[in-house]
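What follows is one structure encoded as structure tokens, with my remarks underneath.
There are 2 protein chains.
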Amino acid sequence: MTAYTATVTVRLKNGVLDPEAETTKRALERLGFEVDGLRSADRFEVDLDAESADVAATRADEMAQRLLANPTIHDYDVSVAER
Amino acid sequence: MTAYTATVTVRLKNGVLDPEAETTKRALERLGFEVDGLRSADRFEVDLDAESADVAATRADEMAQRLLANPTIHDYDVSVAER
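Chains as they are written, first to last, in my numbering: chain B, 1 to 83; chain P, 101 to 183.
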């Protein structure tokens, strides 16, 4: 078993309203920054043990499907690195 | 001017309690996953125009310091890519 960290990034699908990002963008503009667009995402770094990086990625994918992401409104991607 | 996307990742400093991550970890364990640790972070993807990647990174760094991160409890990092 090897120790891995799987990073799951969960973002809203295109077309889903993101009021948090809209508020953040406007706050940056009030501070004087020019911003063309802003998207927010959640990032989960999950430490887990697995036989291989592929197994770790598959397990993190399952975590995303079952809990971390809502497939109706979210896209996600998974990347794995040794710890 | 070139169009860039700056990605600002904001995470809690070591030692700062993260109840959201703790709850997520426990929920994954209830679903049968073995998890050694879990950290959550916020990710902002900021579209901006700048003279160079260095200028874009400097501007995103300022955004993090002034709004996106709270230096008392957060660490952050910035990466920049052409759009």
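Cβ atoms here follow ideal geometry from the backbone N, Cα and C, with glycine treated the same way.
Task: Whole-number beta carbon distance between L167 of chain P and A27 of chain B, since they are thought to touch under 8 Å - done: Approximately 6 Å separates the beta-carbon atoms of A27 of chain B and L167 of chain P; this is inside 8 Å, confirming the contact.
Task: Delimiting residues of the beta strand (DSSP E) encompassing V135 of chain P - done: No beta strand (DSSP E) holds V135 of chain P; DSSP gives it neither H nor E.
Task: CB contact flag (L117 of chain P, D47 of chain B, <9 Å) - done: With respect to D47 of chain B, L117 of chain P sits apart: the two C-beta atoms are not nearer than 9 Å.
TODO: With A106 of chain P as the anchor, note down where its beta strand (DSSP E) starts and where it stops.
DONE: For A106 of chain P, the uninterrupted beta strand (DSSP E) segment begins and ends at 102-112.
Task: V16 of chain B, DSSP secondary structure in three states - done: V16 of chain B sits in coil when the DSSP states are folded into three classes, being neither helix nor strand.
Task: Short-range partners of chain P found in the region 17-39 of chain B, where Cβ spacing is below 9 Å - done: Within the region 17-39 of chain B, the qualifying residues are A21, T24, K25, A27, L28, L31, F33, E34, V35, D36, G37, L38, R39.
TODO: Leaving out five residues on either side along the sequence, give the residues of the same chain with a beta carbon under 6 Å from the beta carbon of D42 of chain B.
DONE: Cβ neighbours of D42 of chain B beyond the five flanking positions: V10.
Task: Interface partners of T109 of chain P on chain B, CB under 8 Å - done: The contacting residues are R43.
Open item on the list: Please tell me whether D147 of chain P has its Cβ less than 9 Å away from any Cβ of chain B.
Closed with: Yes, contact with chain B.
Task: E145 of chain P (DSSP reduced to helix, strand or coil) - done: If DSSP states are grouped into helix, strand and coil, E145 of chain P belongs with the strands.
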